[in-house]
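Undergrad:
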Amino acid sequence: MLTLLSMFYYICLRRRSRSGTRGEALTSRRAVESGQRAVLPVSVEVKQYAKEVLDFSSHYGSENSMSYTMWNLAGVPNVYPSSGDFTQTAVFRAYGTWWEQCASAPLPFRRIPNDFCSQDYIELGFEEPVYPTAVEVFETYYPGAIVQILACSHNPFSQNPPTDVRWEVLWSGEPTKALTPQARQFAPKIKHINFPTNLLRLEVNSSLLDYYTELDAVILRGVKERPMLALYKMPLIDISDLSDSEEELSDIGAPFRQGGDGKHQRTGNGYFDKLPYELIQLILSHLTLPDLCRLAQTCKLLHQHCCDPLQYTQLSLQPYWARLSDASLGHLQSRCTLLQRLNLSWTGNRGALTLTGFSSFMKACGLSLVCLEMSCCHFLNEACVEVISQTCPVLQELNLSSCDRLHPQAFTHISKLTHLRRLVLYRTKIEIEDYDVVASMLAARSRSLCSLDLWRCRNLTDRGLAELVSGCRMLEELDLGWCPTLQSSTGCFQQLARCLPQLRKLFLTANRTVCDSDIEELAACCPSLQHLDILGTRLVSVASLKKLLQSCPRLILLDVSFCSQLDTRVVQELSGLFPKVAIKKSFTQ
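Sequential numbering from 1 applies to the sequence shown in this note's numbering.
1. Three or more C-beta pairs closer than 8 Å, one from the stretch 67–74 and one from the stretch 102–115: is that the case here?
2. Is the CB-CB distance between L454 and D479 below 9 Å?
3. Is the stretch 140–157 close to the stretch 178–194, with three or more CB pairs under 8 Å?
4. What does DSSP give as the partner residue(s) for K505 in the beta ladder?
5. Does the stretch 125–132 come close enough to the stretch 202–210 to have 3 or more Cβ pairs within less than 8 Å?
6. For E247, which residues of its own chain have a beta-carbon under 6 Å away from its beta-carbon, when the five flanking residues on both sides are left out?
7. Going by beta carbon distance, what residues of the same chain come within less than 8 Å of S551, once the five residues before and after it are set aside?
8. Would you mind working out which of R294, L287, Y211 and C563 sits nearest T140, comparing C-alpha positions?
9. Let me check understanding here. Comparing Cα to Cα, which of S158, Q530, V135 and I122 lies closest to L54?
10. What ranges does the alpha helix (DSSP H) occupy inside the stretch 272–321, keeping only unbroken runs of at least 4 residues that lie completely in it?
11. In this structure, what does DSSP give as the bridge partners for E397?
12. Does the beta-carbon of T337 have 16 or more other beta-carbons within 10 angstroms, so that it is buried, or is it exposed?
13. Within a Cβ cutoff of 7 Å, which residues of the same chain sit near Q494, ignoring the five residues on either side of it in sequence?
14. With a Cβ-Cβ cutoff of 9 Å, do N381 and L398 count as a contact?
15. Check Y60 in the structure and name its three-state DSSP category.
16. Determine the closest residue to N64 out of C457, T97 and R335, with distance taken between C-alpha atoms.
17. Would you kindly report the start and end of the unbroken beta strand (DSSP E) that includes E386?
18. Can you say whether D164 is buried or exposed, counting buried as having 16 or more other CB atoms within 10 angstroms of its CB?
19. Look at the alpha carbon of C306 and the alpha carbon of L420, and state the distance between them as a whole number of angstroms.
20. Am I right that V370 and Q340 are in contact with their C-beta atoms under 8 Å? What's the rounded C-beta distance?
21. Which two residues bound the contiguous alpha helix (DSSP H) that contains S575?
22. If you scan the stretch 434–474 from start to end, which runs of the alpha helix (DSSP H) of 4 or more residues do you find wholly inside it?
23. Does DSSP classify C12 as helix, strand or coil?
24. Which residue wins for smallest C-alpha separation from S359, given the options A383, S375, W482 and M228?
25. Is L40 helix, strand or coil by DSSP?
26. Below 9 Å between beta carbons: does that hold for Y49 and L220?
27. Between R405 and the rest of its own chain, which residues show a CB-CB distance below 7 Å, the 5 nearest in sequence each way excluded?
28. Using three-state DSSP, classify G366 as helix, strand or coil.
29. Could you please give me the residues that DSSP links to D559 through a beta bridge?
30. Cβ of L460 within 9 Å of Cβ of T485?
31. Assign G357 to one of three DSSP states: helix, strand, or coil.
32. Counting C-beta neighbours from all protein chains within 10 Å, is the total for I237 16 or more, i.e. buried, or is it exposed?
33. Looking only at C-alpha atoms, which of R323, P81 and L282 sits nearest to Y312?
34. Does the stretch 422–432 come into contact with the stretch 385–402, if we say contact requires no fewer than three beta-carbon pairs (one atom in each stretch) closer than 8 Å?
35. Given L465, which residues of its chain have a CB within under 6 Å of its CB, disregarding the five upstream and five downstream residues?
36. I'd like the span of the alpha helix (DSSP H) that includes F493, first residue to last.
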C-alpha cells in the first residue's frame, strides 16, 4: 500500500514538474526517493506580523487604554529583546494557581480531557493567507504559558459570512516553567496543514508561572502556494457525528444469537451485564464526552448506560469549542434532562451556534440548571439572555465574562434570575454610571456577599466603599485594583480592615496612596488574609510589611511590585524570613 501511494505521489510530482524547471523536478524526485515529507516545489516564504487582534478571553489592562492590553500583540515588537514588566506588552488577567484557592473560584467540571489545559486565548489576524511553515512568539516576561497554536480556514477580513469553518492544531504541548523570566523567541515545530490561513489562535495556561506572562509580537511565516503534503490523513471523529439507531445497535450482537442447531449461544456481555447498574454508571463516569458517545454505539446495554441522564448532570463543552454546533447540542439534548452544571465557554463563535439551536437546548435542559458558564460566547444576544432567564428558574451561577458584544439592554433580563448567587460581568458593556450607588445597593440588599470584584471601577469613591464594607461584613474577597478615585487619606482602607475581619483576599493594585497605617490596620484586624496586592504604592515601609507577615500566618501571596521603598534586596530578605509567602517583585531591564 505504501509503495502504491509513493508511486502515485511520484506521478503527481512529475506532472507538476513539466511546468517548472529541471532543477525543481530533480529536487522533487529526490525528496520522494528519500522518503521526505518536504514541501515541494519550494515557494518564497512570506513573513508577517499580526495585523489585528480579533478576540481574546482576558487581559490585565483596561478597555480604554493600551497598557498591558492584548491589542499590544498586533504589529512589530515593542519590547523584545528586552526582558521585564513593560506596559507595552500583552498580559492576561491571572497567573499561577492562587485564584483557584479563592472563594469566588467555581468548582471544576468533571470529564475534562487530559490534553485540554487551556485557560486563556487570543486570536490574531494577518494580512495574507499562507500555508504556515513557522510561528514565532516573542515572550518578554515569564515565558512558558503557551500550550496550543491553532490555524483557522476562515479569512477574518473577508466580506463573506463564514462557512465550513475549520480549526487545525499546528502545535500543542503542556504548560512549562522556564528556568528564568528572561525574554525568548518561542518557535515550536508546527504541523503542515492543507489550507491557507491568516487567522491564528494562541491558547495559554499560566498555572506554573510565578508572575504574569507577557507577550510582545507574533510572526507567521508561510508560503502562498499549496505544499504537497502526505496523501493520507487519519479522519477526525466529531462528537456530533454519532448515531444511536436501533438497527445499528441490534446488528452488533449478531454473532452471539441463537445458533442453527437450536442451542443458545452467548447473547449477553459476559459478566459485565451482571454488575450492578450503579457500578457500571460509576465506571462510565470516568470517560470523556466523546468516548461516552462512541461507547453508546457498541451495544444496547452500554447504549442504555451512556444515554442515562445521570451521566450528564454536569457537562463541559468548552474543550470542544472548535467543533461544537447546533447539531451537537441537538444530539446531546435528550440526554441532558437532569443537567445541573453547563460550561459553554468559548463556543458558538463565527456562526457555529445560533439562537435557534441554543434556545432549543436550553428549553429542554435548563429546568434543573444551577450553573451556566458562557465566557467569550459571542453568539449571545439579548434574545439568548432572555431565553436563559425564562428557562433556568433555579440558576445560581452565571458567567458572561468577555461577552463584549451584548448590548447594554440585554442585562435587564438578569433581574429575573432571583436565585443568583454568583454573577460575572467582566469585560461586558453593562452601563453603570455611578458605582457608589451600586455599592450602596449591595450593602442594603446583599449583606451575605462574600466576594466582590470592582477591578478598574473608575468612579468608586470612599463614600461608596464605606457603605459597602459597613453593610457587607461577610466579605472574604474584595478587588479594588486600579480604582484611582480611592484615597488612603480619607481613612477608607483602615475602615475596610476594621469592618471585614474575615477578609482573605484584598487587591489595592496601582493605588499609590496605600500607606503604613493601612498595612498595620490589616495586620491588626484581618488575621485570615491570604492574598494582598499593593503594587505601585510608594508609602509602605519594610517595618509595616514585617508586622503584616507576622500577624497573618495564612498569607501566601504578597505583590509589592513597583513599590519604591522595597528594592530587590529587601524583598529577598523578607522572602528568607517568611519562606511560605510568595512575595512578588517585578523588574525591567
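We put the beta carbon where it would ideally sit given N, CA and C, even for glycine.
What you are looking at is a predicted structure, and each value in this text was computed from that prediction instead of being measured.
TA: Walking through what the data contain:
1. The stretch 67–74 is not in contact with the stretch 102–115.
2. yes
3. yes
4. In the DSSP output, where bridge partners are listed per residue, K505 has E477 and H531.
5. no
6. No answer about E247 holds up, because its pLDDT of 44 lies below 50 and its placement is not dependable.
7. Taken in chain order, the residues that qualify are A523, A524 and P527.
8. Looking from the CA of T140, the closest CA among R294, L287, Y211 and C563 belongs to Y211.
9. I122
10. Listed in chain order, the complete alpha helix (DSSP H) runs (minimum 4 residues) inside the stretch 272–321 are 277–284, 289–295 and 300–306.
11. C371 and R422
12. exposed
13. Here Q494 has S517, D518 and E521 as same chain residues with Cβ atoms under 7 Å from its own Cβ, once five neighbours each way along the sequence are excluded.
14. no
15. Secondary structure at Y60: coil, using DSSP grouped into helix, strand and coil.
16. The shortest Cα separation from N64 among C457, T97 and R335 belongs to C457.
17. No beta strand (DSSP E) holds E386; the alpha helix (DSSP H) holding it covers E382 to T391.
18. exposed
19. Taking C-alpha positions only, C306 is separated from L420 by approximately 31 Å.
20. 5 Å
21. T568 to L577
22. Look at the stretch 434–474 and you find these whole runs of alpha helix (DSSP H), each 4 residues long or longer: 435–445 and 462–471.
23. Note that C12 scores a pLDDT of 47, beneath 50, so its modelled location is shaky; the value from the coordinates is reported in the next line. Looking at C12 - three-state DSSP - the assignment turns out to be helix.
24. Nearest of A383, S375, W482 and M228 to S359, Cα basis: A383.
25. In this prediction, L40 has a pLDDT of 43, which is less than 50 and means its spatial position is unreliable; what the coordinates show is noted afterwards. Coil, per DSSP.
26. yes
27. H378
28. coil
29. D533 and K584
30. yes
31. helix
32. Because I237 sits at a pLDDT of 45, beneath the cut-off of 50, its placement in the model cannot be relied upon, and the point is left open.
33. L282
34. yes
35. Excluding its 5 nearest sequence neighbours in each direction, L465 has C-beta neighbours in its own chain below 6 Å: C492, listed in chain order.
36. C492 to C499
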